[in-house]
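First the structure, in the form of structure tokens, and then the observations on it.
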Amino acid sequence: MVQKVAVIGAGISGLTSIKACLDEGLEPTCFESGHDIGGLWRFKEKPEPGRANIYQSVVINSSKEMMSLSDFPPPAELANNMHHSEVLLYMRLYAQAFKLLQHIHFKTTVVSVRQTPDFAATGQWEVETEGREGPRETRVFDAVMVCTGHYTQPHLPLSDFPGVETFKGRYFHSWEYRNTEGLQGKSVVVIGIGNSGGDIAVDVSRVAQKVYLSTRSGAWVVGRVGQGGLPADLVGTSRMDMMKQKLFPSWINRMVEKKLDEAFDHTLYGLKPKHGFFEQIPVVNDDLPARIISGRVQVKPNVKEFRGSSVVFVDGSVIDEVDVVVFATGYNYSFPFLPPALQAKSGYRLRLYKHVFPPVLTQPTLAVVGFIHGFGAINPLAEMQARWATRVFKGFTTLPSEETMMKEIEKDTVTMQLRYACSERNPLQVDYIPYLDSLAEQVGVRPNILWLFLKDPRLAVEVLLGPCTPYQYRLTGPGQWAGARQAILTQWERVRQPFRTRVVPKPETRASSSRSVVVVIAGSALLCCIYYNKHLLSSFFSPPAFLRSPQYAA
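Mapping of the sequence shown onto my numbering: position 52 corresponds to residue 37, and the numbering continues sequentially without gaps.
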């Protein structure tokens, strides 16, 4: 019987895994190699090898309601698209509210995870750890949750760029970028147009002499600011929108691309990719079009080669006297502490059942949490994975046979590669709401829309037509939260609250008496009658009949 669980990593996936364990009555022990929680969202003044890093200007792409954890709405006063410091604050509040910190061992690195000799019978694991001070230690756990993320190993493909060894300037991977210090007045080339590449190009363009953004395939660019100034990801992300996209995928794709081109023509700006909008996660950047139109960022094709301080592009154009090159070329995912058998791939992705469980284990006691991509925030995906994993650990939910899981993985891989632009850098992508619902079905928390319409029509309308926020998965079933209904019905209030830093007075209106209203209505009616009735018009302006008699004519 599973009781003691090792959780590796104290980022958002690790925190949700600790809480999921506690919710199921398990005993989690979390190992975090750093000195604090936060993972990716903990800004570090100096890059720390083996750990994710972010730059000073990072703002989260997903709005706070869409990236929230399902039983912990973010404070209303926090910005909708939070700076990384506010994201970390939210994580701290979450950890404090559910008393998670006491289960974390900081400055402790997991060196290896291996099956015990009697694994077939017990499903247990030997977890070897190393503290910054002291000898290595090995402990036995009933289950393991791997929550280390996939932004820790920078991919620097120097062999793809002939002559880079002759480059006279400075080059580095975006993983090392912190801020614009040292780039003032420089000529900078950024290679790669993912979210990091776009952010860095914009950031540096404010101080550099010139920034050139090199892209091999282009990208669709969306902003965080949507219709009416509200967060863009709150629009078009409802269950109804998901159904429309499923029924009319090509039409919806064309409409989205048309709408994006109305904001700025992606072909004109040199950004339009070959892939459709939904085939790859877009670049989220509000400032990039403005930096391009002002000439501060110039879009270029892929780099062909380096010649000393010059950069040559595949179209034959050359930029001379380049000072700095930033490689925003993605990451390699790696789990060096896991046995090789558990790192087998299916296509570009890890061979994991529903992206969580290795199918080859005789006992399903190891889960990978948070190694996932979709059109939406990762937090709800990781949280649902953790909830499902702990239910499996407890024996409340069972997995199919190894053969069945393998077949489903292969089928899912084929489907995914047909629908999405997968690669070594983008190994997987899921349909956001359908994936959440598929795991929620396993846990027993998928909302029943029909039943909600019968029981609570107001809530049902919000669940069906409103943004699919994580609170929907706390309305019923295991882990049900009494505050879920209120969280859904008040989510728009939390969206509006950060904007209320200055109250704009309403225009003054004169109070009209009922008599004035009657006069206006009567006058309007008379004018209409005069306009549309020529007989009345002539009689209105003609003199009385007695004045038209002969005796008055003279």
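Here a beta-carbon is modelled for each residue, glycine too, at the ideal position from N, C-alpha and C. Quick caveat, the model's predicted, so the values are computed rather than measured.
Cβ shell of residue i (< 6 Å), same chain only, five flanking positions each side left out
i: Gly293; result: Thr151 and Lys153
i: Ala362; result: Ser47, Met51 and Met52
i: Arg533; result: Caution applies to Arg533, whose pLDDT of 39 falls short of 50 and renders its modelled position unreliable; the model cannot decide the point.
i: Asp422; result: Arg431
i: Gln230; result: Ile237
i: Tyr458; result: Ser55, Ala425 and Val430
i: Phe378; result: Val(-13) and Ala128
i: Asp184; result: none
i: Met227; result: Ile418
Bridge-paired residues (DSSP) for residue i
i: Ala248; result: Answer is none; Ala248 lacks a bridge partner.
i: Pro13; result: Val(-10)
i: Glu122; result: Thr114
i: Asn38; result: Looking at the DSSP assignment, Asn38 forms no beta bridge with any residue, so it has no partner.
i: His90; result: Phe16
i: Val311; result: Phe157 and Val175
i: Ile304; result: Val296
i: Leu256; result: DSSP lists no partner for Leu256.
i: Gln138; result: Asn317
i: Ser279; result: Its beta-bridge partners do not exist; DSSP assigns none.
i: Arg99; result: Glu111
C-beta atoms of residue i and residue j nearer than 7 Å
i: Val354; j: Ser(-2); result: yes
i: Ala352; j: Val341; result: yes
i: Tyr316; j: His140; result: yes
i: Phe263; j: Asn287; result: no
i: Cys6; j: Thr375; result: yes
i: Ala313; j: Gly148; result: no
i: Thr347; j: Ala105; result: yes
i: Lys4; j: Phe83; result: yes
i: Glu111; j: Val125; result: yes
i: Tyr197; j: Gln283; result: yes
i: Tyr420; j: Phe360; result: no
i: Asp272; j: Val187; result: yes
i: Gly211; j: Ala217; result: yes
i: Val95; j: Phe16; result: yes
i: Ser202; j: Asp308; result: no
Where the beta strand (DSSP E) containing residue i begins and where it ends
i: Ala544; result: In the structure displayed, the chain extends from -14 to 539; residue 544 sits before or after that span and is not available.
i: Tyr283; result: Here residue 283 turns out to be Gln, not Tyr, going by the sequence shown. Val282 to Lys285 is the extent of the beta strand (DSSP E) around Gln283.
i: Val189; result: It is not in any beta strand (DSSP E) - Val189 instead sits in the alpha helix (DSSP H) that spans Asn180 to Ser190.
i: Lys491; result: Note, Lys491: premise wrong, no beta strand (DSSP E); not H, not E.
i: Lys31; result: Unbroken run through Lys31: none, as it is neither H nor E.
i: Tyr197; result: Lys195 to Ser199
Where the alpha helix (DSSP H) containing residue i begins and where it ends
i: Tyr333; result: Element bounds for Tyr333: n/a, residue is neither H nor E.
i: Ala469; result: Ala469 to Leu474
i: Tyr420; result: Tyr417 to Val428
i: Tyr162; result: It is not in any alpha helix (DSSP H) - Tyr162 carries neither H nor E in the DSSP assignment.
i: Ile(-3); result: Ile(-3) to Asp8
i: Ala80; result: His69 to Ala82
i: Leu449; result: Pro442 to Leu450
i: Glu50; result: Lys49 to Met52
i: Phe104; result: Phe104 to Thr107
i: Leu460; result: Segment: none, Leu460 is in no alpha helix (DSSP H) and carries neither H nor E.
i: Lys231; result: Arg224 to Leu232
Contacts around residue i, its chain only, beta-carbon distance under 8 Å, and the 5 residues preceding and following it disregarded
i: Gln328; result: Phe320 and Leu335
i: Gly508; result: Per-residue confidence for Gly508 stands at a pLDDT of 49, beneath the threshold of 50, marking its modelled position as unreliable; no derived number is given.
i: Leu474; result: Arg443, Leu444 and Glu447
i: Val192; result: Thr165, Leu168, Gln169 and Gly170
i: Asn518; result: Model confidence at Asn518 stands at a pLDDT of 47, short of 50, so the residue's coordinates are unreliable; what they give is reported in the following sentence. Excluding sequence neighbours, Asn518 sits near nothing in its chain.
i: Met(-14); result: Asp127 and Gly380
Proximal residues to residue i (C-beta, below 7 Å), its chain only, five neighbours per side dropped
i: Thr1; result: Leu54, Ala367, Glu368 and Ala371
i: Met401; result: Cys407, Leu413 and Gln414
i: Gln100; result: Trp110
i: Leu512; result: Low per-residue confidence applies at Leu512: pLDDT is 43, beneath 50, and the placement is therefore not dependable, though the value from the model is reported in the following sentence. Hits under 7 Å: none found.
i: Gly462; result: Val428, Gly429 and Val430
i: Ser497; result: With a pLDDT of only 46 at Ser497, under 50, the local geometry of the prediction cannot be trusted, and the value read off the model is given with reservation. So no residue of the chain qualifies.
i: Gly23; result: Gly(-4), Leu73 and Met76
i: Tyr136; result: Leu25, Ala37 and Tyr316
i: Ala326; result: Val345
Next item on the list: Note down, one range per segment and in chain order, each alpha helix (DSSP H) of at least 4 residues found wholly within the stretch 350 to 397.
Entry: 363 to 379, all fully within the stretch 350 to 397.
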